[in-house]
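**Q** One structure coming up, written as C-alpha cells, with questions to follow.
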C-alpha cells in the first residue's frame, strides 16, 4: 500500500491510502474509533460536593474529560490480571476546590491532580462545574484503560472517516462552460481546448455529479477509485493524530497475528 500525507497536526490528519480495498480501509477506521485503548475516568469517590450538580452529573462530566494516555505503559482493565484495579491498568486523580466566600469559581479539568505526572487532562480548560461562594468539591477519580467499543468515553478518535478518491474524465468537450459554472467547489476550469480539472482541488470533489447533469453531450464523467481512499481523522487528545494511526495499525496487526496462530492450530 501507499500513504500520502496531506495534512498532519497534533490533533488531526488527512492522508490518502492507496492500493487497498474498502474492507481494509473500513477496518482501519473502526480500529481508530473503537480498538485503540485509552484512559478515562470510570469510578468517582465523592467526599464533599456542595455544588449545584448531583454526584452522578459530576461523574458523567469527569468521565468525558479526555486524558493523555501512554499506550505501552498501561493494560486495558478487562485484560489485566488484577480484579479490582492496579497501577498497570488504573490511575488515581484527585480534585479539591473551594470557592472563596465572596466570589464564584469555575472548576476546570486542569484542576485534576494525577498520581502519575504523565497522565493528565488533554485540555486543561474544560469546565466541570461552577462553584458559588463557599461551595466545595472534593473527590477522587479512578481512570481505567478501556476500549471505545465498550463506551464512548474510551474513544480516542472523535471523527474518523474516509471517501474514495474521485476520478474525473473529460472527453469531447465543446467549451460550453456549463460544467465549470455548475461545480460548487470550483474543481473545474476552462482550458484552451476543453474544460479541465484543477489538480490541487480534485480531492475536494464531493461526487455530487452536478457537472455531469448539466453537460448536454456527456463529455464529462465522475467516478471513484475503488482502491484509493482519502482519510480524515481527529483525536480527542488522548493520543496525537500520528500516534492514533500507528496504534490502530498495530492493533490490526496484533489481531491478525492472533487469528493466524489460532488457525494454525487446526
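Residue numbers (our numbering): 961 to 1226.
Built from N, CA and C at the ideal position, the CB exists for glycine as well.
Based on DSSP bridge pairs, tell me the residues matched to residue 964.
**A** For residue 964, which the question treats as bridged, DSSP gives the partners 976.
**Q** Output needed for residue 1135: all residues of its chain with C-beta closer than 8 Å, excluding positions within five of it in sequence on either side, in chain order.
**A** These residues qualify, in order along the chain: 1150, 1153, 1154, 1155.
**Q** Across the segment 995–1005 and the segment 1119–1127, are there enough close Cβ pairs to call them in contact, namely three or more that are closer than 8 Å?
**A** The segment 995–1005 is not in contact with the segment 1119–1127.
**Q** What's the gap between the Cα of residue 1085 and the Cα of residue 1067?
**A** In a straight line, the C-alpha of residue 1085 is about 9 Å away from that of residue 1067.
**Q** Measure the CB-CB distance between residue 1247 and residue 1028 and report whether it falls below 8 Å.
**A** Given a span of 961 to 1226 for the chain in the structure shown, any question on residue 1247 remains unanswerable.
**Q** Looking at the secondary structure, which residues open and close the alpha helix (DSSP H) in which residue 1138 lies?
**A** Its alpha helix (DSSP H) spans residues 1138–1142.
**Q** Give every residue of the same chain whose Cβ lies closer than 6 Å to the Cβ of residue 1088, excluding the five residues on either side of it in the sequence, and list them in chain order.
**A** Cβ neighbours of residue 1088 beyond the five flanking positions: 1021, 1067.
**Q** Does the Cβ of residue 1017 have 16 or more other Cβ atoms within 10 Å, making it buried, or fewer, making it exposed?
**A** Label assigned to residue 1017: exposed.
**Q** If we ignore side chains and look at the alpha-carbon of each, how far apart do residue 1092 and residue 1113 end up?
**A** Computed Cα separation, rounded: 28 Å.
**Q** Over what stretch of residues does the alpha helix (DSSP H) that includes residue 1016 continue unbroken?
**A** Segment 1015–1023, the alpha helix (DSSP H) holding residue 1016.
**Q** Tell me, please, which residues DSSP counts as bridged to residue 1102.
**A** DSSP, once it has assigned bridges, lists 1003, 1052 as partnering residue 1102.
**Q** For residue 1060, which residues in the same chain have their Cβ closer than 7 Å to its Cβ, ignoring the five residues on either side in sequence?
**A** Within the same chain, residue 1060 has close Cβ partners 1093.
**Q** Name the two residues that bound the continuous beta strand (DSSP E) containing residue 1208.
**A** Not the beta strand (DSSP E): residue 1208 falls in the alpha helix (DSSP H), residues 1201–1224.
**Q** Pairs of beta-carbons, one from the segment 1182–1199 and one from the segment 973–982, closer than 8 Å: are there three or more?
**A** The segment 1182–1199, when compared against the segment 973–982, does touch it at the 8 Å Cβ threshold.
**Q** Report back the beta-carbon spacing between residue 1172 and residue 1181 to the nearest angstrom; my notes put them in contact at under 8 Å.
**A** The Cβ separation is near 7 Å, so the contact holds.
**Q** Return the Cβ separation of residue 1108 and residue 993 in integer angstroms, given the expectation that the two are a contact with Cβ distance under 8 Å.
**A** Confirmed, about 6 Å.
**Q** What three-state label does DSSP hand residue 1044 in the structure shown?
**A** Of the three classes helix, strand and coil, the one that applies to residue 1044 here is coil, per DSSP.
**Q** Identify the residues that DSSP records as bridge partners of residue 1193: which are they?
**A** Answer is 973, 1120, bridged to residue 1193.
**Q** Mapping the DSSP letters down to three states, classify residue 1174 as helix, strand or coil.
**A** It is helical.
**Q** Going by C-alpha distance, which of 981, 1191, 1205, 1214 is nearest residue 966?
**A** The candidate whose alpha carbon is nearest that of residue 966 is 1191.
**Q** Does DSSP put residue 1181 in a helix, a strand or coil?
**A** Residue 1181: strand per DSSP, three-state reduction.
**Q** Hey, does residue 1110 have any beta-carbon neighbour from chain B nearer than 8 Å?
**A** The structure shown contains no chain B; it is built from a single protein chain.
**Q** Taking the beta carbon of residue 1064 as the centre, do at least 16 other beta carbons fall within 10 Å, making it buried, or is it exposed?
**A** Exposed, by the Cβ-count rule.
**Q** Is the separation between the beta-carbon of residue 1212 and that of residue 987 shorter than 8 Å?
**A** For residue 1212 and residue 987, yes; Cβs fall inside 8 Å.
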